[in-house]
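Input: a single structure, listed below in structure tokens.
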Amino acid sequence: MDQAYGEAESELLALIKAMKLPTQPSNLRLPDFDPEKKDMDARAWVTTADMCLTDENKEGPSLVIALSRALKGSASTWLSSVSFPGMTWTEFKELFVASSLDDIYYVEME
């Protein structure tokens, strides 16, 4: 009984130690997108960003962190209003391109 208790205690201590280790920050970097800058093209940005992504970082915290770093100005504000837990790159792209096209249409109509 004492041996089983000792093994369980050792396993629990190892688990606690592993949980205390700092997690690796996301190394994923996407190109900056600032809609306030002249000649920014949302579709071109998405195509370039697509090439930077791998299957491992197309969803979850690493994607959200990378997008938060890359989107500037009103695009950053927009991201905070549309992001949701578990959002995937595919879902983001659909929202992003649709929003960018709406903005372009609005500017052209003024």
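Okay, so the sequence shown: first residue is 8 according to my numbering, each after it adds one.
Every residue, glycine too, gets a C-beta built ideally from N, C-alpha and C.
Computed from a predicted model, the values in this text were never measured in an experiment.
Within 10 angstroms of the beta-carbon of residue 81 lie fewer than 16 other beta-carbons, which makes it exposed. For the pair residue 94 and residue 63, the CB atoms are not nearer than the 8 Å cut-off.
For residue 95, DSSP records a beta bridge to 66. Within the same chain, and ignoring the five residues on either side of residue 107 in sequence, the residues whose Cβ sits closer than 7 Å to its Cβ are 49. In this structure residue 37 is in contact with residue 59, their Cβ atoms being roughly 6 Å apart against a cut-off of 8 Å.
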